[in-house]
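Taking this note's numbering, the leading residue of the sequence shown gets 2, the next gets one more, and so forth.
Reading through the structure tokens given below for one structure.
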Amino acid sequence: MFRSYPGSVPSPFPDTESRIRDLTQDLCTAFNTANYDHVAKFFTPDGLLMPPGTDPVQGPKAIERKFREFGETGYGDLRLETTRVDSSADMAVEIGRYTVVIRRANGSVANDCGKYMRVWRRLGAWLIVGDCWNSNLAKIEDRAVKEKPISGNKPIVIGEDVPKSA
2 MFRSYPGSVP SPFPDTESRI RDLTQDLCTA FNTANYDHVA KFFTPDGLLM PPGTDPVQGP
62 KAIERKFREF GETGYGDLRL ETTRVDSSAD MAVEIGRYTV VIRRANGSVA NDCGKYMRVW
122 RRLGAWLIVG DCWNSNLAKI EDRAVKEKPI SGNKPIVIGE DVPKSA
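What follows is the structure, given as structure tokens:
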């Protein structure tokens with residue numbers, strides 16, 4: 002029988018979860034200080050940013066422009082809380098919650114909160130491969146649809162080209 006000796010060989014990398022958590026807070030600080038070029042440096046050269054309600058953008062320059070757009074349209078005071086990090090070898094998935102304050106041109110202030118998922122890859126340093134998030138708050142258009150009563154009892158017609166299920 003062989004006995005393993007945990008900790009006898011030090012890991013060549015620091016604790017992945019701690020490193021990802023630290024990098025996430027660094028990204029948050031860079032955004033909140035309007036250092037958008039620094040935010041983009043957290044992404045791989047082919048990194049993908051998938052914000053809600055808009056097309057994804059790819060690559061550091063496009064990602065920098067998108068974060069600059071968010072900042073210039075009043076997004077700020079971003080807070081990120083990592084709730085989970087799963088990793089294997091050179092890949093990690095981070096899941097968390099966010100809050101952000103949106104200052105509108107008319108002076109009103111809105112608060113948003115939601116969740117995010119981020120994929121990291123270690124290429125010497127940990128860099129973001131993909132980043133997406135969505136709000137916990139319903140869109141105004143969605144609330145209007147939910148509040149609007151359905152009128153009439155019109156039948157639903159299914160076209161002949163739609164296959165019938167078994």
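Glycine included, every Cβ here is placed at the ideal spot set by N, Cα and C.
Reduced DSSP secondary structure (H/G/I, E/B, other) of residue i
i	result
Pro61	helix
Asn135	strand
Arg144	The predicted model places Arg144 with a pLDDT of 46, which falls under 50 and marks its position as unreliable, so this point remains unresolved.
Phe71	helix
Phe32	helix
Glu18	helix
Thr25	helix
Continuous beta strand (DSSP E) stretch holding residue i: start and end
i	result
Arg80	Tyr76 to Ser89
Ala93	Met92 to Arg104
Asp113	Val110 to Leu124
Arg45	Reading off the sequence, residue 45 comes out as Thr, not Arg. Taken as a continuous stretch (DSSP letters only), the beta strand (DSSP E) holding Thr45 covers Phe44 to Met51.
Cβ-Cβ distance between residue i and residue j below 8 Å
i	j	result
Trp127	Tyr99	no
Val86	Glu65	no
Lys62	Leu50	no
Closest residue to residue i among the options (Cα-Cα distance)
i	options	result
Asp56	Leu138, Asp132 and Arg122	Asp132
Thr74	Asp47, Ile103, Glu95 and Met92	Ile103
Met92	Leu124, Cys114 and Lys42	Leu124
Arg170	Glu95, Glu82 and Gly54	Look at the range of the chain in this structure, 2 to 167, and you will see that residue 170 is not part of it.
Phe71	Asp23, Tyr37, Val130 and Glu82	Tyr37
Thr111	Arg122, Thr83 and Gly77	As written in the sequence, residue 111 is Ala, which differs from the Thr given in the question. If we check each option's Cα against that of Ala111, Gly77 comes out closest.
Leu81	Ala90, Gly48, Thr45 and Phe32	Phe32
Gly60	Asp47, Pro52 and Pro53	Asp47
Ile21	Thr84, Arg69 and Leu79	Thr84
Element boundaries [alpha helix (DSSP H), containing residue i]
i	result
Asp38	Tyr37 to Ala41
Supposed close pair residue i, residue j - CB separation, criterion 8 Å
i	j	result
Leu24	Phe43	7 Å
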